[in-house]
Amino acid sequence: MFRISIRALGWTIVAAWIATGAHATTFVVDPAGGGDFERIQDAIDASHHGDVIEVLPGTYFESLFYGGRRIVVRGVEGPEVTILDGEDSHNLATFLFGEPRASVLEGFTLRHGRGRPITAAAPVSVDLTSHPLSAADPRLRSLEQGEERGGTYGGAIVCSSAGPTLRNLIFEDNLANNGGGLAILFAAPLVDGCQFRGNVAGAGGGIFGRSDRTDFRDCVFEDNFTVFGGGFYGEDSQATGQGSSFNGNITAGGGSCYLLGTGNPGLATFHHCQFGANFSADVNGITALFHDLVVRQSVFWARGPELHVTASIVTTGGSLTVANCIFEGRNEDGVLACGSTNADIRCNVFYPGDVPQTCSPAASNRAVDPRFCDPSSGDFHVAEGSPCLPENAPAGCGAIGIYPEAGCVAPRADGSSSPDAGVRTLRERALTR
């Protein structure tokens, strides 16, 4: 009897599991009325764990709230034709109830969002009214002051104590004090193949993270406008960035990224990233204050006589590891600056000029032309014979830069070269995911 009861119970559990899977539903949202719903939130409210919501092209004036559901909400024809619009009055999606990786938002453009107040979050000390950058963009002055200063988060999306997947999204023309595109508070989302462009914030033009474990991959951060952190701003952050590019962001500090330690352990890691021609009053690349930083197999590139390109990496306190990276461009203020930082600088290439003697670089660093293929067009493969290839690098270094193999074709008529048709640039990788 006992064996039979256990066996019966086992079959009951299996049957229940099968039944649960069998009842997973796909809903269709069509603004023209041809689907199950006309509004995305109505479909979310009707959904259960495991359901999929397929959203047809259109512009939706909504703010989505998952409420902890493990569901997929997908723009079936992609972000170019599937729009979430905040009408400059509200944000566009919120994750507050422990949503895991199985909670997915994919294939949308999120625009005209406005950050939401989160009173429990400590504000960032940025006086937006008096900062000279505010005169350059009236939207920066329009951010709430007084009690609300520093209290609006995530122009498009707020993620707090959750870990959803955000994939193939375009964040553009959004506004918040913290995180023009996305604010991440004590959370660990996966941000995959997204673009952040033209967003405005006091801190974090693209992403703002506080005590976060953000994992962003193959993302593009460009033309964002902020006081600190053109692409990413992290406080006590455990973020990891890979395969991403930072270009054309305008900031007072941290053209690509700004990291700040406030007493809790923070270690941000970047690899296979490209940090380009951002416009900053102090640091073109990454600023790290009392915050640990690791950068590997990445490129810092900024050329052009019209640019005032400042230092690529500046740190104070914390530890710094920079390995297998390429630095090319104009750096009037020095490539690296390490104030009281425990630094490990090895297997890097610097061009033009000499290996900077700040940060006590190892002997494996060299001042040579990396021989990029076509960097002005966004391709950072290297030509045959490059000193950055594994076979030509110093012993024990391996590949230096983003790509481990040569990727150029025959020179064009004008003497320049182009990448092999089968090899995509960082930006192409992000845009075609």
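Count the sequence shown with mature numbering (1 follows the signal peptide of the UniProt record, and there is no 0) and you get residues -24 to -1, 1 to 409, in order. Backbone N, C-alpha and C define an ideal beta-carbon position, used for all residues, glycine too.
Inter-residue CB distance, valine 196 and glutamine 171 (contact presumed, cutoff 8 Å)
Position 220 of the sequence shown, counting from 1, holds the residue named residue 196. Position 195 of the sequence shown, counting from 1, holds the residue named residue 171. That pair is a contact at about 5 Å.
Indicate whether cysteine 249 and serine 220 have their beta-carbon atoms separated by less than 8 Å.
Here the question's residue 249 lines up with position 273 in the sequence shown. Here the question's residue 220 lines up with position 244 in the sequence shown. Yes, the pair counts as a contact, with Cβ atoms nearer than the cut-off.
Pick helix, strand or coil for serine 221, following the three-state DSSP scheme.
For the purposes of this step, residue 221 is identified with residue 245 of the sequence shown, where counting begins at 1. In this structure, serine 221 counts as strand in the three-state DSSP scheme.
DSSP puts glutamate 30 in a beta bridge; with which residues?
To locate residue 30, count along the sequence shown from 1; it is residue 54. Glutamate 30 is bridged to Val4 and Arg50.
Of all the options Ala69, Ser65 and Asn153, which has the alpha carbon lying nearest to the alpha carbon of leucine 86?
The count along the sequence shown starts at 1 and reaches residue 86 at position 110. Looking at the Cα atoms, Ala69 is the closest of the given residues.
By alpha-carbon positions, which one of Ser23, Ser232 and Phe276 ends up nearest to tyrosine 327?
Position 351 of the sequence shown, counted from the first residue, corresponds to residue 327. Looking at the Cα atoms, Phe276 is the closest of the given residues.
Closest to valine 57 by C-alpha separation, out of Val31, Leu236 and Arg45, would be which residue?
By 1-based counting over the sequence shown, the position of residue 57 is 81. Looking at the Cα atoms, Val31 is the closest of the given residues.
Taking the CB atoms as reference points, tell me whether alanine 375 and asparagine 300 lie closer together than 8 Å.
Locating residue 375 in the sequence shown gives position 399, counting from the first residue. Locating residue 300 in the sequence shown gives position 324, counting from the first residue. Closer than 8 Å, so yes.
Between which residues of its own chain and valine 4 is the CB-CB distance below 6 Å, once the five residues before and five after are set aside?
Taking the sequence shown and counting its residues from 1, one reaches residue 4 at position 28. Cβ within range, chain order: Gly11, Asp12 and Glu30.
Judging by CA-CA distance, which residue of Phe201, Ser23 and Phe84 is the nearest neighbour of aspartate 61?
As a first step, residue 61 must be located in the sequence shown, where it is residue number 85. Answer by Cα proximity: Phe84.
Serine 232 vs glycine 210 beta-carbon contact at 8 Å
Here residue 232 refers to the residue found at position 256 when the sequence shown is read from its first residue. Here residue 210 refers to the residue found at position 234 when the sequence shown is read from its first residue. No. Outside cutoff.
Is the CB-CB distance between alanine 264 and cysteine 323 below 8 Å?
As a first step, residue 264 must be located in the sequence shown, where it is residue number 288. As a first step, residue 323 must be located in the sequence shown, where it is residue number 347. No. Outside cutoff.
How should threonine 128 be labelled, buried or exposed, when 16 other C-beta atoms within 10 angstroms of its C-beta is the threshold for buried?
Sequence index remark: in the sequence shown, residue 128 carries index 152 (1-based). Result: buried.
If we ignore side chains and look at the alpha-carbon of each, how far apart do phenylalanine 255 and histidine 24 end up?
Numbered from 1 along the sequence shown, position 279 holds the residue referred to as residue 255. Numbered from 1 along the sequence shown, position 48 holds the residue referred to as residue 24. Their backbone Cα atoms lie some 46 Å apart in a straight line.
Within its chain, find whatever has a CB closer than 8 Å to the CB of histidine 66; leave out the 5 residues flanking it on each side and keep chain order.
Position 90 of the sequence shown, counted from the start, is the residue given in the question as residue 66. If we look at histidine 66 and ignore the five residues flanking it on each side, its Cβ neighbours are Ser39, Gly89, Arg90 and Arg92.
Might you give, ordered along the chain, the residues of its own chain that have their beta carbon closer than 7 Å to the beta carbon of aspartate 103, omitting 5 neighbours on each side?
In the sequence shown, the residue the question calls residue 103 occupies position 127. Summary for aspartate 103: the model assigns pLDDT 48, below 50, so the residue's position carries little reliability, and this model does not support an answer.
Buried or exposed for glycine 315, going by 16 or more other Cβ atoms inside 10 Å?
Taking the first residue of the sequence shown as 1, we reach residue 315 at position 339. Per the 10 Å Cβ criterion, exposed.
Closer than 6 Å by C-beta to alanine 343: which residues in its own chain qualify, once you throw out the five before and the five after it? Chain order, please.
The residue labelled residue 343 in the question sits at position 367 within the sequence shown. The residues are Phe326, Asp330 and Val331.
Rounded separation between isoleucine 59 and tyrosine 36 - CA only
Here residue 59 refers to the residue found at position 83 of the sequence shown. Here residue 36 refers to the residue found at position 60 of the sequence shown. Those two C-alpha atoms are separated by around 6 Å.
Is the beta carbon of glycine 182 less than 8 Å from the beta carbon of glycine 156?
For the purposes of this step, residue 182 is taken as residue 206 along the sequence shown, with counting starting at 1. For the purposes of this step, residue 156 is taken as residue 180 along the sequence shown, with counting starting at 1. Yes; because the gap between Cβ atoms is below 8 Å, this pair is in contact.
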